[in-house]
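The structure appears below as structure tokens.
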Amino acid sequence: MTYSHGRGSRDTNADWSIAILDDNKPAGLMTLLTNGVPSVSGWDDLAGKTVIDVGGWAPTADGLGYVTNKCSNMPYSDSITIVVGPENDDAMNMLRNGNGDAVFIYADQAALYQCSAVGDATVTFNCSLWDGFGTEYAYVQTGQKGYALNGTTLAMTKPGSMVPSLINGCLAEFMQTKEYYDVCLKNGMVDQCYPNSHFPVGSSTMANYEKPTNELTGDCSTGYCPCGPEPTTTTAAGITTSGTVALSFGPIAGLLSVLIASS
Numbered sequence: 001m002t003y004s005h006g007r008g009s010r011d012t013n014a015d016w017s018i019a020i021l022d023d024n025k026p027a028g029l030m031t032l033l034t035n036g037v038p039s040v041s042g043w044d045d046l047a048g049k050t051v052i053d054v055g056g057w058a059p060t061a062d063g064l065g066y067v068t069n070k071c072s073n074m075p076y077s078d079s080i081t082i083v084v085g086p087e088n089d090d091a092m093n094m095l096r097n098g099n100g101d102a103v104f105i106y107a108d109q110a111a112l113y114q115c116s117a118v119g120d121a122t123v124t125f126n127c128s129l130w131d132g133f134g135t136e137y138a139y140v141q142t143g144q145k146g147y148a149l150n151g152t153t154l155a156m157t158k159p160g161s162m163v164p165s166l167i168n169g170c171l172a173e174f175m176q177t178k179e180y181y182d183v184c185l186k187n188g189m190v191d192q193c194y195p196n197s198h199f200p201v202g203s204s205t206m207a208n209y210e211k212p213t214n215e216l217t218g219d220c221s222t223g224y225c226p227c228g229p230e231p232t233t234t235t236a237a238g239i240t241t242s243g244t245v246a247l248s249f250g251p252i253a254g255l256l257s258v259l260i261a262s263s
């Protein structure tokens, strides 16, 4: 079991060990597709939109206040309605049923929940529910890391616990060994681990879900939509203006997920 050390409610309500993986769990924004066109544009500041959060999982709803739109490089609106699905499957069902415009979720979640990725493993989610990646739904935001304070940790404890301090020294020592590299290599996570002297130079690569949306190319068929051209709007006076509006944004006060659970 591992845990993502995020800003906001997760950081306030728990103590953490040092990270064993780099900041490898970027957030993203997932929405439905119609004929390859996303219901919510990657440029959208989400004003007036309903966003689904997965309760107890990072990124938590207040994380929207710490990330920026990777197309406009602007923060999101503070007039967003947040609804919560208890688990990832619930959030996907809510999206498909029209209970929200988008899901704020790990940018790699859809890829991890594909039946082809699961194989014969016993899982607690319905991989069939996640069919249609790149045809029925896709991400319009990826690579959003601002919600995280640290990477993936081994320990998330009650505030004041001695556990983090007891294991941090051992973890730090192990992470400098060849055995750490071997574990990363065996599990296909070399690009997500903290490189030490045993890592080959240039061994790290970046997956689409890790890239900021403005660095993506192609179309939504990959499951990861690029930004595309910046939208424009025409005012009543006939003046064309950018669809991106600069807004002041603070953390979404009071919009916290349900009790912290493991991610």
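Numbering of the sequence shown is given in our numbering, commencing with residue 1 and proceeding in unit increments. Ideal placement from N, C-alpha and C gives every residue a C-beta, glycine not left out.
Bridge partners - residue i, DSSP secondary structure assignment
{"i": "Trp16", "result": "Met156"}
{"i": "Cys193", "result": "Leu21"}
{"i": "Phe104", "result": "Leu29, Asp53"}
{"i": "Tyr3", "result": "Thr153"}
CB-CB length for residue i against residue j, believed under 8 Å
{"i": "Glu87", "j": "Val118", "result": "Not quite, the Cβ-Cβ distance comes to about 16 Å (not below 8 Å), so this is no contact."}
{"i": "Pro26", "j": "Glu210", "result": "6 Å"}
{"i": "Gln141", "j": "Gly42", "result": "6 Å"}
{"i": "Asp90", "j": "Lys49", "result": "Rounded, the Cβ-Cβ distance is 19 Å, inconsistent with contact."}
{"i": "Ala138", "j": "Leu33", "result": "6 Å"}
For residue i, the three-state DSSP class (helix, strand or coil)
{"i": "Cys225", "result": "coil"}
{"i": "Tyr137", "result": "strand"}
{"i": "Tyr147", "result": "coil"}
{"i": "Val163", "result": "helix"}
{"i": "Thr213", "result": "helix"}
{"i": "Tyr113", "result": "coil"}
{"i": "Val37", "result": "strand"}
When the options are compared against residue i, the one with the closest alpha-carbon
{"i": "Asn214", "options": "Cys184, Lys178, Gly28", "result": "Gly28"}
{"i": "Leu64", "options": "Asp89, Gly146, Val163", "result": "Gly146"}
{"i": "Asp22", "options": "Gly151, Val40, Pro159", "result": "Gly151"}
{"i": "Pro195", "options": "Gly188, Ala155, Tyr180", "result": "Tyr180"}
{"i": "Asn13", "options": "Met156, Thr50, Cys225, Gly143", "result": "Met156"}
Whole runs of the beta strand (DSSP E) within the segment 54-101, excluding any shorter than 3 residues: 81-85
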